[in-house]
Amino acid sequence: MKKIEIDAKGIHYTPLNEMIREAVRDGAEEIVLNNVIGQRFIADGLKGDVTITINGVAGGDLGMFMNGPTCIVNGNCDHAPGNTMDMGTIIVHGSTGDAAAHSMRGGKLFVENNIGYRGGIHMKQYEEEHRPVLVVGGTAHAFLGEYMAGGLILVLGIGKEEPIVDRGIGSGIHGGMIIVRGEVEDEILGIGARKTDFGEEELEMITPYVEEFCEHFGKDPSGLLNMNYTCIVPASTRPFAGKYTWE
Amino acid sequence: MSLGSVPLKYKVSIDREQCMHCMRCIDNCSYGVFHREDDRIIIDSRKCTACHHCISMCPRDAITLKERPVDYRSHPLWTAEAREDIINQARSGKIILSGMGNAKPYPVIFDRLVLDACQVTNPSIDPLREPMELRTYLGKKPSRLEINKKDNGDVELLTKLTPNLKLDTPIMIGHMSYGAISLNAQLSLAKAVEKTGTFMGTGEGGLHEAIYPYQKNMIVQVASGRFGVDINYLERGAAIEIKIGQGAKPGIGGHLPGEKVCQDVSCTRMIPLGSDAISPAPHHDIYSIEDLAQLVRSLKEATEWKKPVFVKIAAVHNAAAIAAGIARSSADAVVIDGFRGGSGATPKVFRDNVGIPIEAAVASVDQKLKDQGIRNKISVIASGGIRNSADIAKSIALGADAVYIGTGALIAMGCRVCGQCYRGMCPWGIATQRPDLVERLDPEVESEHVANLIRSWTLELSELMGAAGINSIESLRSNRSRLRGYMLDEGTLDVLQVKPVGA
């Protein structure tokens, strides 16, 4: 396995991404970026089967349009990791800013702690292989899963008494599913979202993601695999149907 | 009590003497105006949209159509339209959906601008004999060039140039998505731009495989729904356009109803079959001009800074300030879409009331960029209601680098601007996904029609330039001294920076 280390200290994101692309072209399977301090667009539009370890804080739009690679962030992330991502995995050993998994069409984003506002906004899915998954260990701010059109958002609320307290969960949701551990008050649901029962089928569906989450972050899944979840789904798959009349 | 029916919008009649009972009208009307009872063709005028497909296909010119055959009591304020909209909404309680561009009779500034021509003092140029330079480069231009003169006389360019799009004519075709229009319609436009050395937009509908052979002439769009957007799509495009707004509906998003999301549209947009494709009003990663700069750079970064990135905004009151902000990002061109811009489906209240005319918007954007000394940092593309080569010449003289046409290109393929695009039953095979209707549109034939239109307008443009003694499109750009305003008010003349006729 070809491993390459890059010291990102003082390097602008454009040359840094050029170095990453060149390493991938040279057949690197593992790239370690040290001293990352807010460089944006890491692995933007990157294709291939490579694991990038980011030591430091990743800037905005980590893994945007990414198709295939794995990014492991040992630190926090700025906004929108996984923006419009197609395939691949992002694992954040920390928290992220707003709009995590924005418009994500495929792949997985695991966040150990918390995400900001509008997490999973406009996530969408397409056929079997394009079903995005966002797993959050801690909690999320307002408008989680806004305009969501597909995929899965799972909020585990580890260490929280109430998993989510911010309002607007799933406002405008017209596809996909949001699953939150514990109870979710009706008042914090967004317009167009409704709660449904969490059953055996849903537990079976989330189990591999919970296990994968625990594997990444060295946690014990046993306390997380039970029926103590709330499912949030679209009230309608056609929120705009019936809004218009013809001229 | 019932509100009853409103009077017919159109009255269709058949000259029974002329009619030869070929029944073509029945086959041609997708709205079901005609049907057969025994040997007689029965007409249901209420279903008519004035799309003219029956009229255009009638071998005997036997069909006539009259608009508003029933009079209301005339009233300057309470027009028939105002009354009927109220009746419609009293019945439905809904937003009125409309198609095509602004349908209110606002004065057209283009029609109150006249172009200049040479007489005596400097000679006009005959484009038949003299070369006319219509080639247009879209993208950033350096403010100065650093060169190194070599001993052998060669010159080496030291300044790093940013990628530009090279157009053989300043006429491009604007973004109309696959989904809003049919694949055959998109294919016709794609073949036409390839033939004429120009570009067209994909709209926010992804890029269908059938269009791949024309990808070097395609500008791929990234809008708030991010439909069909992945790295391969971005890499295929000759340029990338971020859609912020649309002239027909500034400030709101769009949605493609699930009924129109068929198998092919589903895979091109990368969404499930039959699901609504909702583009939210804003991009949710852009809440400020700085965020826009970041989205521009994310697209540049994804495509290794090899492609120009355009930003399209609707022409609104403060378009000039917004464009100045866009010019300071890494964007290469700003598209200004005026309030007459077309649309397949738009709430009527937006189509008819929101935004400003392209003429004023493009002039103020150009002026603002010049005042700030950043005009070279960005190209300006004007769109929205451009009907002929004179509108193009005037747009360029007001400060545009190039124009997008939309409705004009559709009319070249048969569209009669009936404005029912949102119903998906377009009998011309343009704004529909119904296979039997799409089949009517032959991309080989229609691409030639669209290419002819671009060629005609390009020829006329060179004639207009020649008459004005201008042999390069660059000398026409922002050359307001070659325009005069006729019956325009002082305020508008001031915005346009154009003198009145005779001055």
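Sequence lines, in order, name chains C and Z.
Quick note on full-length UniProt numbering: the first sequence kicks off at 1 and runs consecutively.
Quick note on full-length UniProt numbering: the second sequence kicks off at 1 and runs consecutively.
Quick reminder that beta carbons are idealized off the backbone N, C-alpha and C, glycines included.
All values derive from a computational prediction rather than experimental measurement.
The alpha helix (DSSP H) enclosing residue i, as first and last residue numbers
i: residue 92 of chain Z; result: 80–92
i: residue 465 of chain Z; result: 443–467
i: residue 337 of chain Z; result: Looking at the DSSP string, residue 337 of chain Z is not in any alpha helix (DSSP H); the run it does join, the beta strand (DSSP E), is 333–337.
i: residue 231 of chain Z; result: 231–236
i: residue 508 of chain Z; result: Residue 508 of chain Z cannot be examined here, being either before or after the span of chain Z that is shown, 1 to 503.
i: residue 54 of chain Z; result: 53–57
i: residue 136 of chain Z; result: From DSSP, residue 136 of chain Z is part of no alpha helix (DSSP H) but of the beta strand (DSSP E) over 136–138.
i: residue 266 of chain Z; result: 263–269
i: residue 205 of chain C; result: 200–217
For residue j and residue i, the rounded distance between their alpha carbons
i: residue 149 of chain C; j: residue 236 of chain C; result: 11 Å
i: residue 177 of chain C; j: residue 135 of chain C; result: 12 Å
i: residue 137 of chain Z; j: residue 211 of chain Z; result: 24 Å
i: residue 352 of chain Z; j: residue 23 of chain C; result: 54 Å
i: residue 206 of chain Z; j: residue 190 of chain Z; result: 14 Å
i: residue 310 of chain Z; j: residue 142 of chain Z; result: 17 Å
i: residue 461 of chain Z; j: residue 455 of chain Z; result: 10 Å
i: residue 476 of chain Z; j: residue 389 of chain Z; result: 14 Å
i: residue 49 of chain C; j: residue 19 of chain C; result: 16 Å
i: residue 79 of chain Z; j: residue 73 of chain Z; result: 9 Å
i: residue 99 of chain C; j: residue 106 of chain C; result: 16 Å
i: residue 81 of chain C; j: residue 44 of chain C; result: 10 Å
i: residue 287 of chain Z; j: residue 267 of chain Z; result: 30 Å
i: residue 69 of chain Z; j: residue 81 of chain Z; result: 14 Å
i: residue 27 of chain C; j: residue 296 of chain Z; result: 29 Å
i: residue 35 of chain C; j: residue 435 of chain Z; result: 57 Å
i: residue 496 of chain Z; j: residue 182 of chain Z; result: 38 Å
i: residue 121 of chain C; j: residue 415 of chain Z; result: 37 Å
Proximity test, Cβ basis, 8 Å: residue i and chain C
i: residue 505 of chain Z; result: Nothing can be reported for residue 505 of chain Z, as the shown portion of chain Z is limited to 1 through 503.
i: residue 348 of chain Z; result: yes
i: residue 272 of chain Z; result: yes
i: residue 312 of chain Z; result: no
i: residue 229 of chain Z; result: yes
i: residue 317 of chain Z; result: no
i: residue 160 of chain Z; result: no
i: residue 246 of chain Z; result: no
i: residue 107 of chain Z; result: no
i: residue 96 of chain Z; result: yes
i: residue 297 of chain Z; result: yes
i: residue 234 of chain Z; result: yes
i: residue 456 of chain Z; result: no
i: residue 294 of chain Z; result: yes
i: residue 275 of chain Z; result: yes
i: residue 285 of chain Z; result: yes
i: residue 330 of chain Z; result: no
i: residue 341 of chain Z; result: no
i: residue 481 of chain Z; result: no
Span of the beta strand (DSSP E) around residue i
i: residue 28 of chain Z; result: Note, residue 28 of chain Z: premise wrong, no beta strand (DSSP E); alpha helix (DSSP H) at 24–28.
i: residue 234 of chain C; result: 229–234
i: residue 31 of chain C; result: 30–37
Any C-beta of chain Z under 8 Å from that of residue i
i: residue 130 of chain C; result: yes
i: residue 25 of chain C; result: no
i: residue 103 of chain C; result: yes
i: residue 209 of chain C; result: no
i: residue 121 of chain C; result: yes
i: residue 247 of chain C; result: yes
i: residue 174 of chain C; result: yes
Beta bridge counterpart(s) of residue i as assigned by DSSP
i: residue 246 of chain C; result: Z:97
i: residue 55 of chain C; result: C:74
i: residue 279 of chain Z; result: Z:254
i: residue 500 of chain Z; result: Z:485
i: residue 310 of chain Z; result: Z:241 and Z:333
i: residue 7 of chain C; result: C:34
- On the three-pair Cβ rule with 8 Å, is the segment 198–205 of chain C touching the segment 216–223 of chain C? no
- How do the segment 306–323 of chain Z and the segment 365–382 of chain Z stand: do at least 3 beta-carbon pairs fall below 8 Å, yes or no? yes
- contact_flag[the segment 163–182 of chain Z, the segment 197–206 of chain Z] where n(CB pairs < 8 Å) is 3 or more: yes
- Message: Three or more C-beta pairs under 8 Å: does that hold for the segment 42–62 of chain Z against the segment 23–32 of chain Z?
- Response: yes
- Does the segment 266–284 of chain Z come close enough to the segment 219–235 of chain Z that 3 or more CB-CB pairs lie under 8 Å? yes
- Message: Would the segment 85–105 of chain C count as touching the segment 64–76 of chain C if we require 3 or more Cβ pairs under 8 Å?
- Response: yes
- Task: Give a yes or no on contact between the segment 412–431 of chain Z and the segment 108–124 of chain Z, applying the rule of three or more CB pairs nearer than 8 Å.
- Result: no
- Is it true that the segment 211–225 of chain Z meets the segment 233–240 of chain Z, where meeting means three or more beta-carbon pairs spaced less than 8 Å apart? yes
- Between the segment 159–179 of chain C and the segment 221–235 of chain C, are three or more C-beta pairs nearer than 8 Å? yes
- At least 3 beta-carbon pairs within less than 8 Å: the segment 299–306 of chain Z vs the segment 250–265 of chain Z: no
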